[in-house]
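**Q** Structure below; questions to follow.
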Amino acid sequence: MTNRVVECVPNFSEGRDLTIIEEITDAIKSVSDVELKDVDPGEATNRTVVTFIGTPDSVVEAAFLAIKKASEIIDMSKHHGAHPRMGATDVCPFVPVEGVTMDDCIELAKRLGKRVGEELGIPVYLYEYAATSEKRRNLAYIRRGEYEGLPEKLKDPKMKPDFGPAKFNAKSGATAIGAREFLIAYNITLNTKNKKLATDIAFELREKGRSVRADTDSPFYFKGDLIKYKEGYFPCVECDFRFVAKSLDELEEHYRKEHNFSIIELLAEHGTTPENIIGRSVKKRGYFDHCKAIGWFVEEYGRAQISINLTNYKITPPHIVLEKARELAAERGLVVTGSEVVGLIPYQAMLMAGKYYLEKQESSTGVPPEDIIKTAIFSMGLNDVARFDPAEKIIGLPQSPDDSLVRLGVKDFVDEVSRSSPAPGGGSVAALSGALGAALASMVANLTSSKCETTEDAAPYIGIAEKAQKIKEKLADAVDEDTEAFNDYLAALRLPKDTPEER
Numbered sequence: 002m003t004n005r006v007v008e009c010v011p012n013f014s015e016g017r018d019l020t021i022i023e024e025i026t027d028a029i030k031s032v033s034d035v036e037l038k039d040v041d042p043g044e045a046t047n048r049t050v051v052t053f054i055g056t057p058d059s060v061v062e063a064a065f066l067a068i069k070k071a072s073e074i075i076d077m078s079k080h081h082g083a084h085p086r087m088g089a090t091d092v093c094p095f096v097p098v099e100g101v102t103m104d105d106c107i108e109l110a111k112r113l114g115k116r117v118g119e120e121l122g123i124p125v126y127l128y129e130y131a132a133t134s135e136k137r138r139n140l141a142y143i144r145r146g147e148y149e150g151l152p153e154k155l156k157d158p159k160m161k162p163d164f165g166p167a168k169f170n171a172k173s174g175a176t177a178i179g180a181r182e183f184l185i186a187y188n189i190t191l192n193t194k195n196k197k198l199a200t201d202i203a204f205e206l207r208e209k210g211r212s213v214r215a216d217t218d219s220p221f222y223f224k225g226d227l228i229k230y231k232e233g234y235f236p237c238v239e240c241d242f243r244f245v246a247k248s249l250d251e252l253e254e255h256y257r258k259e260h261n262f263s264i265i266e267l268l269a270e271h272g273t274t275p276e277n278i279i280g281r282s283v284k285k286r287g288y289f290d291h292c293k294a295i296g297w298f299v300e301e302y303g304r305a306q307i308s309i310n311l312t313n314y315k316i317t318p319p320h321i322v323l324e325k326a327r328e329l330a331a332e333r334g335l336v337v338t339g340s341e342v343v344g345l346i347p348y349q350a351m352l353m354a355g356k357y358y359l360e361k362q363e364s365s366t367g368v369p370p371e372d373i374i375k376t377a378i379f380s381m382g383l384n385d386v387a388r389f390d391p392a393e394k395i396i397g398l399p400q401s402p403d404d405s406l407v408r409l410g411v412k413d414f415v416d417e418v419s420r421s422s423p424a425p426g427g428g429s430v431a432a433l434s435g436a437l438g439a440a441l442a443s444m445v446a447n448l449t450s451s452k453c454e455t456t457e458d459a460a461p462y463i464g465i466a467e468k469a470q471k472i473k474e475k476l477a478d479a480v481d482e483d484t485e486a487f488n489d490y491l492a493a494l495r496l497p498k499d500t501p502e503e504r
């Protein structure tokens, strides 16, 4: 059925007392249409990251109840931990998963922020996509000074909260509520135990990039000699050293004009500033934006991995990063044996991957979503080091309840229609008939596309098959939706009508 799914990932400033954590998660679970996906407490950080999903309204309600409970049972004046924090509920981001937009999540953040500020008296700052200024997009800027710095911060007109009082709440601190893209934790596994080899590829992939080295006969980039900035020597790596500036200011102007990014900002990520640049290594960008990566060795698997965080899969999807990693690994005599999703991955990301691989093999993408997902799993090697269960790992995966009509066998469905109960009836039967008709249309289009000699000739038929699949899915959903609607109507008829209010 058509889903509208939002993920919420609140971070609570308690990671040691499991009783407190359980009280907060119980508040979340008390809301219908919400599914608690993960609870990750950290003792050293004294912080727990909770992940839950649900419909937009239910997620906002669950988030409010969790923040309310945290404000009642966590005392920030007694909190100590390794992680930066400023409140009992430190951050609470909303993430669009399925059937919702970033704008929707921004509105959810504002709704929640207003309610938390007004009803709980907690100062609330909006951050990331929900931020009210460019500076406030950055969580580190909002959280600067942490809990201990709040009394002074709240006196500063520039740091007035977006919601709630500009007054220090000693027990609960302050909370950052925002909207951000889904973060995919994704590991690529290599046929080696050597962490250094994984790191070499990771540095090529990540947005932050790496130090530039002179040409070497070895395929392993880290074996080359470092190239460093010198007085009067500031080369542009993007231009393959054809442009050499005489100063950092000249180089910055060139990068912004010709390559549309700031070399000074890139250097800052590596700890290089205008003051200490002389003698520091020249830097280059990695292949992918919104990509953080390191290399590590996993004892459990006995293999090295490229550990990756993808902060915007719509711009940098995991399957594209995987293909570049395969290319870079092959250049180094290595083999990518598979990959691993840590936590959850959005349904749309898996569909994108499956369609990508089907298109590469010149197969039709106008097939059932289940087939597309299976193609993604096989192609990305997602069962290589750990089992990948789509029902557990894919967030937003459309699933019908076990007792739904579409789960019945053909004979069982026909028998159910034939019984004396008013539903399922004509609407459900019509929806099923329409779904079968759309399925036939998809079949014919796919058969026709398979006989075409070129991809250009096949494209129109594949397009028809894709449209037919969408219609088929909607009509299949309608089989149950019609019966549910009629049952609701019958239930309404049975309600008491004795008083004006009841009528």
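If you number the sequence shown the way this note's numbering does, the last residue is 504 and the count never jumps.
Here a beta-carbon is modelled for each residue, glycine too, at the ideal position from N, C-alpha and C.
1. With DSSP run on the structure shown, which of helix, strand or coil describes residue 447?
2. Using the Cβ count rule (16 or more neighbours within 10 Å means buried), how would you classify residue 501?
3. State buried or exposed for residue 11, treating a residue as buried only when at least 16 other CB atoms are found within 10 Å of its CB.
4. Quick check on the DSSP output: the alpha helix (DSSP H) that includes residue 204 runs from which residue to which?
5. Whole angstroms is fine: what's the gap from residue 172's alpha carbon to residue 91's?
6. What is the DSSP secondary structure of residue 91, reduced to helix, strand or coil?
7. Give the straight-line distance between the Cα atoms of residue 231 and residue 272, rounded to the nearest whole angstrom.
8. Where does residue 458 sit, in a helix, a strand or coil, going by DSSP?
9. Assuming residue 394 and residue 342 are in contact, meaning their beta carbons sit under 8 Å apart, how far apart are those beta carbons, in whole angstroms?
10. Run through the segment 270-358 for me and flag every whole beta strand (DSSP E) of 3 or more residues, listed as ranges in chain order.
11. Just to confirm the assignment, what range does the alpha helix (DSSP H) spanning residue 68 have?
12. Determine whether the beta carbon atoms of residue 282 and residue 227 lie at a separation below 8 Å.
13. So residue 28 is in the alpha helix (DSSP H); what residue range does that whole segment cover?
14. If you count every other CB in all the chains shown that lies within 10 Å of the CB of residue 340, and 16 or more means buried, which is it?
15. Applying the criterion that 16 or more other CB atoms from any shown protein chain within 10 Å of the CB defines a buried residue, is residue 491 buried or exposed?
16. Tell me the rounded alpha-carbon separation between residue 187 and residue 322.
17. Assuming residue 83 and residue 46 make a contact with CB atoms under 8 Å, what is their CB distance in whole Å?
18. For residue 301, which residues of its own chain have a beta-carbon under 6 Å away from its beta-carbon, when the five flanking residues on both sides are left out?
19. Check for me: the beta strand (DSSP E) holding residue 38 runs from which residue to which?
20. Can you give me the start and stop residues for the beta strand (DSSP E) that residue 171 sits inside?
21. Measure from the alpha carbon of residue 305 to the alpha carbon of each residue in 312, 311, 297, then state which is nearest.
22. Please go through the same chain and pick out, in chain order, the residues whose beta-carbon is closer than 7 Å to the beta-carbon of residue 114, but skip the five residues on each side of it.
23. Would you mind working out which of 482, 396, 9 sits nearest residue 53, comparing C-alpha positions?
24. Within 7 Å: the Cβ of residue 415 and any heavy atom of the ligand FAD?
**A** Considering the structure as presented:
1. helix
2. exposed
3. buried
4. 196-206
5. Each residue's alpha carbon lies about 13 Å from the other.
6. strand
7. 17 Å
8. helix
9. That pair is a contact at about 6 Å.
10. 292-299, 304-311, 337-343
11. 57-74
12. yes
13. 19-30
14. buried
15. exposed
16. 10 Å
17. 5 Å
18. Closer than 6 Å at Cβ, skipping near neighbours: no residue.
19. Residue 38 -> beta strand (DSSP E) spans 35-43.
20. Looking at the DSSP string, residue 171 is not in any beta strand (DSSP E), and its letter there is neither H nor E.
21. For residue 305, the closest of 312, 311, 297 by C-alpha to C-alpha distance is 297.
22. Excluding residues within five positions, the ones whose Cβ falls inside 7 Å are 125, 127, 163, 164, 178.
23. 9
24. The ligand FAD is not part of the structure shown, which contains no ligands of any sort.
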